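The sequence shown begins at 3 in the working numbering and counts up by one.
Think of the CB as a built atom: it goes at the ideal place given N, C-alpha and C, for glycine as much as any other residue.
Predicted model only: the values in this text are computed from it and were never measured.
Notes for the one structure printed next.
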Amino acid sequence: MNKNYLKKIYRYDEQNQTFVVEIALEYYLELFNPWDAASIKKKDLDPELVSYLEDVSDDIPLKDKLAIVFVMPESVKNTEMEDISRGVFVNYFNFLMHYNRKTQRKSIKQAIYYIITSFTFVALAYFLRIDDTMFIEILSEGLFIGGWVFMWEAISIIFFKSSFIRRQSKRYLRLSESTINYEYK
């Protein structure tokens, strides 16, 4: 999107060259998943909040910095909760990056398996072509087709799925490194 257009949607801090995302909350617990029974320091972020932040991060180019400001009533101000929620915020997105790295490694292993299977099928099909019986020809064609299908799956994983995971990890990195502030009104 055009940067000038984005400046109409999101506040822009000219001094820090940062887009500022303001989120209004009534109390601190709105940051966290209400179904998570873990202690406050180990809670997950609210899924709707995460979804909103992912959408915002998609809108704003990755090269631009991001600051998140939670706007809350003055009556709930609590510096300890601010610090805890900042830590939870960073930990949550760091975990998502870790999970993406793990998924990426698993995908690469799967792609390697598909490539080996593909070459095996194509090699078998090639060597079966020596015999001219109808059954062997059908089996050979099936192995050729299967080999190419496995090769396509490997290509799909390497180029499409991996690029999506890399983009998502960059987005999570930016969110984990974004400045988190609290304003009270």
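Counting every other CB atom within 10 Å of its CB across the protein chains shown gives PHE21 a total of 16 or more, marking it as buried.
By the neighbour-count definition (other C-beta atoms within 10 Å, threshold 16), SER77 is an exposed residue. Across the structure, TYR186 and PHE166 are spaced so that their CA atoms are roughly 37 Å apart.
When only Cα atoms are considered, SER53 and MET74 end up about 20 Å apart.
Here DSSP, grouped into helix, strand and coil, assigns ASN6 to helix. Three or more Cβ pairs closer than 8 Å define a contact, and the stretch 3–23 meets that threshold against the stretch 60–69.
The shortest C-alpha to C-alpha distance from LEU31 to any of GLU16, LYS111 and ASP48 is the one to ASP48. Assignment of THR135 by DSSP, reduced to helix, strand and coil, places it in the coil class. The straight-line gap separating the alpha-carbon atoms of THR119 and LYS172 is approximately 32 Å.
Listed in chain order, the alpha helix (DSSP H) elements of length 4 or more contained wholly in the stretch 8–77 are 49–61. Distance from the CA of ARG169 to the CA of ASP133, rounded to the nearest whole angstrom, comes to 49 Å. Within its own chain, the residues whose Cβ lies closer than 6 Å to the Cβ of TYR29, once the five positions on either side in sequence are excluded, are VAL78, listed in chain order.
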